[in-house]
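Read the structure below first, then the notes.
Residue numbers (this note's numbering), protein chains in the order written: chain A, 158 to 245; chain B, 115 to 338.
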């Protein structure tokens, strides 16, 4: 697979995820806001990871740099999830 | 297992005037393992400085995100009411514009790295157009909100909204300036190693603008 085809495939995935999270955002029912919020934040941070790995070329970066980026994504997801579940 | 990534930078010359040639091939397991020892040659995309800047900026935004979620937890009803005033459609349009601009920039950078930069000014130009489209949609959205009486003061939700999207908009404006510079730079018939690095670093900045928006879009437009 060429680089252009790979990043175009990733872009299509990003569009699909945007559409999916749009649907979750529009359809989220009363009482399920917390679950919907975690799903939406999770999808958003997975998109961030895709952008980092494939568009920013972190897949060929030194492991330390990639770990810092992936650690950031995971830490933000955990922090936002914990805040969402515990603060009310 | 999976694919082996070969990324090799050739022709490093001291003094920043290198004619750098970068080739990228994704080798499937069925291909002969020629050059396996040289495979997975890791390198820092762009240069170290841009990553320091990007990671610091992303950390500041992470604090923004956490602050917003914390306040939302304490004022859930008020946030849900104000959230209903935002246009999810306009937010989605802006998301699609930035994702598409990021794709085009990533393709442009791949062309630069492989030494085929004839179409690169046009690609950076397309990304620039998407960036200008984002600014236009944001201006339209802000004007609608301001005319509806929503502003920086009066509502905690809209204070966050205008400050965070405003700071992000400054990044977009800076990114548009960077893309303009890259269009001029990539019009040269040949690019030095340093100029190739500048193209890649500029692309990384633009991708950061994109990924920050992806989270802002989720927080402000999608979750209630």
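Virtual Cβ for every residue (Gly too), placed ideally from N, Cα, C.
Residue i versus residue j: straight-line alpha-carbon distance, rounded
i: residue 333 (chain B); j: residue 303 (chain B); result: 44 Å
i: residue 298 (chain B); j: residue 235 (chain B); result: 7 Å
i: residue 296 (chain B); j: residue 181 (chain B); result: 35 Å
i: residue 172 (chain A); j: residue 210 (chain B); result: 7 Å
i: residue 148 (chain B); j: residue 158 (chain A); result: Residue placement at residue 148 (chain B) cannot be trusted, given a pLDDT of 42 that sits under 50; the coordinates are not used to answer.
i: residue 294 (chain B); j: residue 239 (chain B); result: 8 Å
i: residue 221 (chain B); j: residue 243 (chain A); result: 42 Å
i: residue 133 (chain B); j: residue 301 (chain B); result: Annotation note: pLDDT 39 at residue 133 (chain B) (below 50); position unreliable, no value reported.
i: residue 203 (chain B); j: residue 180 (chain A); result: 11 Å
i: residue 315 (chain B); j: residue 191 (chain B); result: 42 Å
i: residue 211 (chain A); j: residue 162 (chain B); result: 18 Å
i: residue 275 (chain B); j: residue 260 (chain B); result: 12 Å
i: residue 237 (chain A); j: residue 169 (chain B); result: 18 Å
i: residue 230 (chain B); j: residue 161 (chain A); result: 13 Å
i: residue 136 (chain B); j: residue 213 (chain A); result: Confidence at residue 136 (chain B) is low in this model, with a pLDDT of 44, below 50, so the placement of that residue should be treated as unreliable; the coordinate-derived value is given next. Taking the straight line joining both Cα atoms gives about 16 Å.
i: residue 335 (chain B); j: residue 306 (chain B); result: 43 Å
i: residue 202 (chain A); j: residue 308 (chain B); result: 32 Å
i: residue 206 (chain A); j: residue 166 (chain A); result: 15 Å
i: residue 183 (chain A); j: residue 237 (chain B); result: 34 Å
i: residue 278 (chain B); j: residue 322 (chain B); result: 15 Å
i: residue 184 (chain B); j: residue 241 (chain A); result: 7 Å
i: residue 173 (chain B); j: residue 318 (chain B); result: 16 Å
Limits of the alpha helix (DSSP H) - the one that residue i falls within
i: residue 196 (chain B); result: 190-197
i: residue 169 (chain A); result: 160-184
i: residue 270 (chain B); result: 270-300
i: residue 335 (chain B); result: Careful: residue 335 (chain B) lies outside any alpha helix (DSSP H) and carries neither H nor E.
i: residue 234 (chain A); result: 220-243
i: residue 228 (chain B); result: Where residue 228 (chain B) is concerned, there is no enclosing alpha helix (DSSP H), given that its DSSP letter is neither H nor E.
i: residue 191 (chain A); result: 190-207
i: residue 252 (chain B); result: 234-261
Residue-chain proximity (residue i, chain B), Cβ-Cβ < 7 Å
i: residue 171 (chain A); result: yes
i: residue 191 (chain A); result: no
i: residue 175 (chain A); result: yes
i: residue 195 (chain A); result: no
i: residue 237 (chain A); result: yes
i: residue 201 (chain A); result: yes
i: residue 221 (chain A); result: no
i: residue 234 (chain A); result: no
CB contact check: residue i to chain A, cutoff 7 Å
i: residue 235 (chain B); result: no
i: residue 183 (chain B); result: yes
i: residue 114 (chain B); result: Since the first and last residues shown for chain B are 115 and 338, residue 114 (chain B) lies out of range.
i: residue 197 (chain B); result: no
i: residue 321 (chain B); result: yes
i: residue 148 (chain B); result: Summary for residue 148 (chain B): the model assigns pLDDT 42, below 50, so the residue's position carries little reliability; its value from the coordinates is reported in the next sentence. So, not an interface residue.
i: residue 200 (chain B); result: no
i: residue 304 (chain B); result: no
i: residue 192 (chain B); result: no
i: residue 318 (chain B); result: yes
i: residue 294 (chain B); result: no
i: residue 174 (chain B); result: no
i: residue 325 (chain B); result: yes
i: residue 224 (chain B); result: yes
i: residue 216 (chain B); result: yes
task: May I ask you to verify whether the segment 319-332 of chain B touches the segment 277-292 of chain B, counting CB pairs closer than 8 Å and requiring at least 3?
output: yes
task: Assess, as a yes-or-no matter, whether the segment 261-268 of chain B is touched by the segment 212-226 of chain B under the definition of 3 or more beta carbon pairs within less than 8 Å.
output: no
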